Amino acid sequence: MFRDWVEYFGKVFGKVTVAVPPQYTSQNCSTCGTTVKKSLSERTHHCSHCGTVLDRDHYAALNILAIGLKNTVGRTEISTPVESLTSAS
Numbered sequence: 686m687f688r689d690w691v692e693y694f695g696k697v698f699g700k701v702t703v704a705v706p707p708q709y710t711s712q713n714c715s716t717c718g719t720t721v722k723k724s725l726s727e728r729t730h731h732c733s734h735c736g737t738v739l740d741r742d743h744y745a746a747l748n749i750l751a752i753g754l755k756n757t758v759g760r761t762e763i764s765t766p767v768e769s770l771t772s773a774s
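FYI, the numbering for the sequence shown is 686 to 774, going by the working numbering.
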C-alpha cells in the first residue's frame, strides 16, 4: 500500500518513482560496495575496507538512490502532472 501511495503522489507532482529492492541497502558500503554485516542495533556504518563512517540510514539512502538512478537509465516514460490534466477539462 505504501508503494501505491508513493507512486500516486509521484504522478500528482510529476516525479518519477522507481521501486528499489531493500535487500542489503544497509549492509553494503555506499562508497566501495564492501558488505559490512551489522545488527539492527548498530546505527553507524564503519567500513574497514575504505574507512567510510556514516549514519546507517544516510548511507542506506545513498545506496537506494544509486540503485534507483541505475534502474532509470534509458527510461522514456514521462509522468504528467495532475494540474495539466484538470486544466484541460
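Think of the CB as a built atom: it goes at the ideal place given N, C-alpha and C, for glycine as much as any other residue.
Here the structure is a predicted model, which is why all the values come from computation and not from measurement.
Which partner residues does residue i have in the DSSP bridge list?
i	result
residue 730	739
residue 719	Its beta-bridge partners do not exist; DSSP assigns none.
residue 713	720
Between which two residues does the alpha helix (DSSP H) containing residue i stretch?
i	result
residue 695	687–697
Going by beta carbon distance, what residues of the same chain come within less than 8 Å of residue i, once the five residues before and after it are set aside?
i	result
residue 713	719, 720, 721 and 748
residue 740	728, 729 and 730
Suppose the cutoff is 6 Å on Cβ atoms and the five residues either side in sequence are ignored; what does the same chain contact list for residue i look like?
i	result
residue 731	738
residue 734	717 and 719
residue 694	none
residue 753	703 and 705
Contact check, residue i vs residue j under 8 Å by CB: the rounded distance?
i	j	result
residue 745	residue 711	4 Å
residue 756	residue 703	5 Å
Let's test the definition: count the other Cβ atoms within 10 Å of the Cβ of residue i and tell me whether it reaches 16, buried, or not, exposed.
i	result
residue 715	buried
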